[in-house]
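Numbering (our numbering), first residue to last: 103 to 287. First comes the structure, then the notes that go with it.
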Amino acid sequence: MPRCFWCPDDPLYAAYHDQEWGVPLRDAHALFELLLLEGFQAGLSWITVLRKREHYRKVMFGFDVQRLAVMTDAEIEALLLDPGIVRNRLKVTGARRNAQAWLALKDPVEFLWSFVGGQPKINHFTERHEFPAVTPEAEAMSKGLKKAGFTFVGPTICYAFMQASGMVMDHATTCDRYAELSNAG
Numbered sequence: 103m104p105r106c107f108w109c110p111d112d113p114l115y116a117a118y119h120d121q122e123w124g125v126p127l128r129d130a131h132a133l134f135e136l137l138l139l140e141g142f143q144a145g146l147s148w149i150t151v152l153r154k155r156e157h158y159r160k161v162m163f164g165f166d167v168q169r170l171a172v173m174t175d176a177e178i179e180a181l182l183l184d185p186g187i188v189r190n191r192l193k194v195t196g197a198r199r200n201a202q203a204w205l206a207l208k209d210p211v212e213f214l215w216s217f218v219g220g221q222p223k224i225n226h227f228t229e230r231h232e233f234p235a236v237t238p239e240a241e242a243m244s245k246g247l248k249k250a251g252f253t254f255v256g257p258t259i260c261y262a263f264m265q266a267s268g269m270v271m272d273h274a275t276t277c278d279r280y281a282e283l284s285n286a287g
């Protein structure tokens, strides 16, 4: 199966590319999880976080936003000792902060999708140099999330989140997923 240039032969990464990446996601719980995972990825490769995702789900209460919002300092300290996650204090405490900010939003799904007008933005890129790392929509999302109290939501993280969640369809035109997802929404 022809895949996007960024997808290595790793079976976990290939499954993520083939089944998840770029599929329009409107489930609040799944969007919240993905936003946190994208923040955990900051400064690392996505495969690092992807390999730790199941463990994150286990130790972070299944990404239950209500439960993460009231995570105690003692629970955070325990997480920082867990080698199964990225043990970065700012990122772990940021999960609690982001859960609290998420709960303060009237409709998080509508809020996030508003940055692309409620429908996936379909790109038609083929060459590696055509794919941006940041767009005006990602910059606006970053600014909006920061204003709402989120952390680890810079423009590059927001664009990666938009791509992963299907808000932006950035499968290469040469990728087998392109045809199907360029008609999704």
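We put the beta carbon where it would ideally sit given N, CA and C, even for glycine. Just so you know, these numbers come straight off a predicted model, no measurement behind them.
Report task. State the Cα-Cα distance for the pair PRO113 and THR258, rounded to the nearest angstrom. Result -> 25 Å
Requested in this report: Leaving out five residues on either side along the sequence, give the residues of the same chain with a beta carbon under 7 Å from the beta carbon of ARG169.
Outcome: PHE163
Requested in this report: Jot down the residue ranges of each uninterrupted alpha helix (DSSP H) in the stretch 193-280, minimum 4 residues, whole runs only, in chain order.
Outcome: As far as the stretch 193-280 is concerned, its whole alpha helix (DSSP H) runs of at least 4 residues are 210-215, 238-249, 257-266.
Query raised in the report: Out of curiosity, what's the CA-to-CA distance linking ASP175 and ASN190?
Result: 14 Å
Query raised in the report: Are the beta-carbon atoms of MET264 and VAL218 separated by less than 8 Å?
Result: yes
Query raised in the report: Taking Cβ to Cβ, would you say ARG135 is nearer than 8 Å to PHE107?
Result: Residue identity differs from the one stated: residue 135 is Glu in this sequence, not Arg. No, these two residues do not count as a Cβ contact at 8 Å.
Query raised in the report: Leaving out five residues before and five after ALA144 in sequence, what residues of the same chain have Cβ atoms less than 8 Å from its Cβ?
Result: LYS193, PHE254, GLY256, ILE259
Query raised in the report: Which class does GLY89 belong to by DSSP, given the choice of helix, strand or coil?
Result: Because residue 89 is not part of the residues shown, which for the chain are 103 to 287, the question remains open.
Report task. Give me the Cα-Cα distance between GLY287 and LEU146, rounded to the nearest whole angstrom. Result -> Caution applies to GLY287, whose pLDDT of 49 falls short of 50 and renders its modelled position unreliable; the value that the coordinates give is listed next. Cα to Cα, the separation comes out at about 30 Å.
Query raised in the report: With ILE178 and LYS154 assumed to form a contact (beta carbons below 8 Å), what rounded beta-carbon distance in angstroms separates them?
Result: Rounded, the Cβ-Cβ distance is 17 Å, inconsistent with contact.
Query - Nearest neighbour of LYS160, chosen from ALA171, LEU181, GLN121 [CA to CA] - result: If we check each option's Cα against that of LYS160, LEU181 comes out closest.
Query raised in the report: Exposed or buried, MET103, counting other C-beta atoms within 10 Å across all chains shown (16 or more means buried)?
Result: exposed
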